[in-house]
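K.L.:
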Amino acid sequence: MTCNLSIDEIDFLYVLYSRHCIKSNRSMNLKLLKKIFEQRNFDIKKIVKTLSNGGYITEVPKSDSKYYISNFKKAVHALSEHGKETTLGKTRHLED
Numbered sequence: 010m011t012c013n014l015s016i017d018e019i020d021f022l023y024v025l026y027s028r029h030c031i032k033s034n035r036s037m038n039l040k041l042l043k044k045i046f047e048q049r050n051f052d053i054k055k056i057v058k059t060l061s062n063g064g065y066i067t068e069v070p071k072s073d074s075k076y077y078i079s080n081f082k083k084a085v086h087a088l089s090e091h092g093k094e095t096t097l098g099k100t101r102h103l104e105d
């Protein structure tokens with residue numbers, strides 16, 4: 010695992026990925042993210058700081074904290090390294 014992210018950070022990133030939060034207008038509110046992960050005991054602010062410093066996510070400057078995946082290629086690589094199912098784009102099947 011070359012990205013040095015914890016399982017909690019990967020799960021956080023995967024939620025953003027699965028909800029298509031890849032642009033600033035498709036960002037996800039931090040309160041909603043806390044609600045999704047409320048049964049798991051981890052420091053969400055630490056995870057956000059780690060992913061922000063790593064260049065995976067970016068905060069949208071709004072009154073509420075909202076986040077989106079800013080480096081899609083890096084995030085997909087990290088998710089696939091940890092065994093999460095990701096798509097690499099459109100694929101075309103060759104006909105016989």
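Residue numbers for the sequence shown follow the working numbering, beginning at 10 and rising by one. C-beta atoms are modelled at their ideal positions from N, C-alpha and C, and glycine is treated no differently.
What separation, rounded to the nearest whole angstrom, lies between the Cα atoms of T95 and S89?
P.N.:
As a working note, residue 95 is residue 86 in the sequence shown. As a working note, residue 89 is residue 80 in the sequence shown. Cα to Cα, the separation comes out at about 6 angstroms.
K.L.:
Which runs of the beta strand (DSSP E), 3 residues or longer, sit entirely within the segment 32–83?
P.N.:
With a minimum length of 3 residues, the continuous beta strand (DSSP E) runs that stay inside the segment 32–83 are 66–69 and 75–78.
K.L.:
Please report how far the alpha carbon of R49 lies from the alpha carbon of L22, in whole angstroms.
P.N.:
Counted from its first residue, the sequence shown places residue 49 at position 40. Counted from its first residue, the sequence shown places residue 22 at position 13. Spanning the two alpha carbons is a distance of roughly 15 angstroms.
K.L.:
Contact check, K40 vs D73 under 8 angstroms by CB: the rounded distance?
P.N.:
Stepping through the sequence shown from its first residue, residue 40 is reached at position 31. Stepping through the sequence shown from its first residue, residue 73 is reached at position 64. At roughly 7 angstroms, the Cβ-Cβ gap stays under 8 angstroms, so K40 and D73 are in contact.
K.L.:
Count the other CB atoms within 10 Å of the CB of S36; is the residue buried (16 or more) or exposed (fewer)?
P.N.:
Mapped onto the sequence shown, residue 36 falls at position 27. Answer is buried; the Cβ neighbour count reaches 16.
K.L.:
Whole angstroms is fine: what's the gap from P70's alpha carbon to I78's?
P.N.:
As a first step, residue 70 is located in the sequence shown; it is residue number 61 there, counting from the start. As a first step, residue 78 is located in the sequence shown; it is residue number 69 there, counting from the start. When rounded, the distance between both Cα atoms is 14 angstroms.
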